[in-house]
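Numbering (the UniProt record's numbering), first residue to last: 1 to 160.
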C-alpha cells in the first residue's frame with residue numbers, strides 16, 4: 001500500500017503517535033561531532049571546511065526529516081506506520097486488524113521518565129509482519145487505543 005502523501009493527512013486515518021524528542025539525541029550528538037570536524041577542516045583549508053559543512057548539513061537535515069516522517073496511525077483496515085522522505089523510501093507498512101495479536105509498550109524507568117516508549121504491534125502469524133517502533137511519544141496511549149479498538153472489532157464480529 002503506497003501513498004504519495006502521508007495517509008494521516010488524508011482524513012481517513014486516526015494518528016496515534018510519532019517519534020519523541022529522545023529520537024533527536026543522535027542528531028544533536030552528530031552536530032557536536034561535526035563541529036569538531038569542521039574546526040579541524042578549517043585548519044586544513046577553507047574548501048575542506050565548506051565540504052564538511054555541506055555534507056554535515058545534508059546528513060543531519062536528512063536524519064531529522066527521516067525521524068519526523070515516522071507516524072503510527074490506524075484506519076478501518078488496520079494499524080500502519082508511514083515513514084520515509086525520499087520517493088523510493090516513502091511508504092506504509094502495517095498489520096491488518098484481523099491479523100493483529102496485541103499492542104504493547106515497553107515499561108521501564110527511562111521510558112517512564114522520558115515519556116519515550118518502544119511500541120510493538122504484534123502479528124498473529126509471523127514476527128516479520130509486526131510493527132516495532134522505538135522512541136515514540138504518546139506510545140503508552142497509542143497502545144491503549146489500539147487494544148481497545150481491536151477488542152471493539154472482535155466483539156462486534158467484524159473480524160473473521
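Just so it is clear, CB atoms sit at the ideal spot from N, CA and C, and this is done for glycine as well. Source: prediction; values computed, not measured.
First and last residue of the uninterrupted alpha helix (DSSP H) at residue i
i	result
residue 195	In the structure as shown, the chain begins at 1 and stops at 160. Residue 195 is therefore absent and cannot be evaluated.
residue 144	139 to 156
residue 88	From DSSP, residue 88 is part of no alpha helix (DSSP H); its letter is neither H nor E.
residue 159	Per DSSP, residue 159 belongs to no alpha helix (DSSP H) and is neither H nor E.
residue 109	109 to 114
Contact set for residue i: own chain, Cβ-Cβ below 8 Å, skip 5 residues either direction
i	result
residue 26	63
residue 68	18, 19
CB contact check: residue i to chain C, cutoff 8 Å
i	result
residue 52	Judged by its chain identifiers, the structure shown contains no chain C, having just a single protein chain.
Limits of the unbroken beta strand (DSSP E) element including residue i
i	result
residue 97	No beta strand (DSSP E) holds residue 97; DSSP gives it neither H nor E.
residue 80	78 to 83
residue 72	71 to 74
residue 16	14 to 19
Buried versus exposed call for residue i [16 or more other C-beta atoms within 10 Å across all chains shown]
i	result
residue 131	buried
residue 45	exposed
residue 143	buried
residue 116	buried
Pick from the options that is closest to residue i, judged by C-alpha positions
i	options	result
residue 150	125, 119, 100	100
residue 19	157, 135, 90, 118	135
residue 203	57, 12, 137, 78	Examination of residue 203 is not possible in this model, given that the chain is present from 1 through 160 alone.
residue 138	148, 31, 69, 118	118
residue 33	56, 145, 91	56
residue 129	93, 70, 154, 48	93
Other residues of its chain near residue i: CB distance less than 7 Å, five sequence neighbours each side excluded
i	result
residue 53	38
residue 31	60
Residue i - partner residues in DSSP beta bridges
i	result
residue 28	BP columns for residue 28 are empty, so no partner.
residue 120	104, 132
residue 92	82
Check: residue i C-beta below 7 Å from any heavy atom of the ligand NAD
i	result
residue 117	Absent from the structure shown: the ligand NAD. Ligands present: none.
Beta-carbon proximity list for residue i, same chain, < 6 Å, skipping 5 on both sides
i	result
residue 133	119
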